[in-house]
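Going down the list, the sequences are from chains A and B. So for the first sequence, the working numbering puts the first residue at 984; every next one is plus one. So for the second sequence, the working numbering puts the first residue at 31; every next one is plus one. Since the structure comes first, as C-alpha cells, the remarks are kept for the end.
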Amino acid sequence: DGGITQSPKYLFRKEGQNVTLSCEQNLNHDAMYWYRQDPGQGLRLIYYSQIVNDFQKGDIAEGYSVSREKKESFPLTVTSAQKNPTAFYLCASSIELSLLGNYGYTFGSGTRLTVV
Amino acid sequence: RKEVEQDPGPFNVPEGATVAFNCTYSNSASQSFFWYRQDCRKEPKLLMSVYSSGNEDGRFTAQLNRASQYISLLIRDSKLSDSATYLCVVTSSGGSYIPTFGRGTSLIVHP
C-alpha cells in the first residue's frame, strides 16, 4: 500500500541538541511539506518542496532545516536554534503543488518531539 | 484578521443530532476548499473537498458561499465516532498554492 511514513513516533531532545525527523513517501508525489502543530493551534508550515533539490521556507522556518535529495524523502532537522521545539510535527505530500486544489494532502502519522 | 477562522467549540451534541460548522476566509482569491478531520493525537485526514455547487457524501454536506466568503460542513445523524476536530483548509492562487489551515472546530457527540 502506498503511503507516507514518519519516524520516530516519539522523540526526546536534550537542550542544545539537533535532531532529525524522517519522512518517506511511496506515493510518487512531487510535493512534500512539514508542518508543526501546537496544542489548540492550527498547522503552521515550516518548509515545503515542490521538486527534488529544491525547497522553500514556510511561515516558521527559523531553527529548522530540510533537504530533498530524493523524491521519496524529505527529512526535517530541528536545530538547537529552535528555542521552543516541543510540538507535534506532521509531514505531508501531494501530487504537485498546482494540483493541490484538486487532490488535497496525504499526511504522515506525525512525530511528537519533546525537549527534556 | 486571521486568514481562515473557525469557532473552536467544542460543539457538544447528542447522538442523532444535526450539527453545522462554518469557516470564514479573508482572501477573496481563494480557490480550493477542504474539510479535514483530525482525531486526538492523530494526523489530519481528508474528509471532503468543497465544490462551488456544494457536495454531499453520506451524512456529510459541504457548501461554499463565495459572496460571504465562508464554507460550511453539515453532519446529519451524528455518531459517537464523529467526535473529532474538523479543520477547514483554504488554498489561494497568486503564485502560491500553499493551503492555510484553520485552528479547527471540536465536536463531541455524546450518548
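Note that the Cβ used here is the ideal one computed from N, Cα and C, for glycine as well.
query: If you compare alpha carbons, which of A:F1038, A:K1054, A:T1060, A:I987 is closest to P74 of chain B?
result: A:I987
field: Cβ-based burial, C118 of chain B [other Cβ within 10 Å; buried from 16]
entry: Classification of C118 of chain B: buried, given that the 10 Å Cβ count is 16 or more.
field: Cβ neighbours of R1051 of chain A in the same chain (closer than 8 Å, five flanking residues each side left out)
entry: M1015, S1032, I1034, V1035, N1036, D1037, F1038, F1057
N- and C-terminal bounds of the beta strand (DSSP E) containing E1007 of chain A: 1002-1008
Same chain, Cβ closer than 6 Å to P143 of chain B, five either side skipped, listed in chain order: The question about residue 143 of chain B has no answer, for chain B in this structure spans 31 to 141.
task: Spell out whether any CB of chain A is found under 8 Å from the CB atom of G132 of chain B.
output: Nearest CB-CB separation between G132 of chain B and chain A: below the 8 Å threshold.
Selection from B:I138, B:Y116, B:Y100, B:S111 that minimises the alpha carbon distance to S58 of chain B: B:Y100
- request: Would you check if the distance between the CB atom of F131 of chain B and the CB atom of L1026 of chain A is smaller than 8 Å?
  value: yes
- prompt: Got a sec? Which residues, its chain only, sit under 6 Å from S60 of chain B by beta carbon, not counting five neighbours each side?
  reply: The beta carbon of S60 of chain B lies closer than 6 Å to those of V120, S122 in the same chain, with the five residues before and after it left out.
task: Report the partner residues of F147 of chain B according to the DSSP bridge assignment.
output: For chain B, the structure presents residues 31 to 141; residue 147 of chain B sits outside this window and is missing.
- prompt: Looking at the structure shown, is S136 of chain B part of a helix, part of a strand, or coil, going by DSSP?
  reply: strand
task: Tell me whether Y81 of chain B is buried or exposed, calling it buried when 16 or more other Cβ atoms sit within 10 Å of its Cβ.
output: Exposed, by the Cβ-count rule.
- prompt: Quick check: the region 91-98 of chain B against the region 40-48 of chain B, are there 3 or more CB pairs under 8 Å?
  reply: no
task: For Q1024 of chain A, return the contacting residues in chain B, with the cut-off set at a CB-CB distance below 7 Å.
output: R133
- request: Just mark V975 of chain A as buried or exposed, buried being the case when its beta carbon has 16 or more other beta carbons within 10 Å.
  value: Because chain A is modelled from 984 through 1099, residue 975 of chain A falls outside the range shown and cannot be assessed.
CB contact check: L1010 of chain A to chain B, cutoff 8 Å: The C-beta of L1010 of chain A comes no closer than 8 Å to any C-beta of chain B.
- prompt: How long is the line joining the alpha carbons of T1097 of chain A and S83 of chain B, rounded to whole angstroms?
  reply: Cα atoms of T1097 of chain A and S83 of chain B: separation of roughly 44 Å, rounded to the nearest angstrom.
Where G134 of chain B falls, given that 16 or more other Cβ within 10 Å makes a residue buried: So G134 of chain B ends up on the buried side.
- prompt: Near V49 of chain B, which residues of its chain fall below 7 Å by C-beta distance, leaving aside the five closest residues on each side in sequence?
  reply: F41, V43, I105, S108, L137
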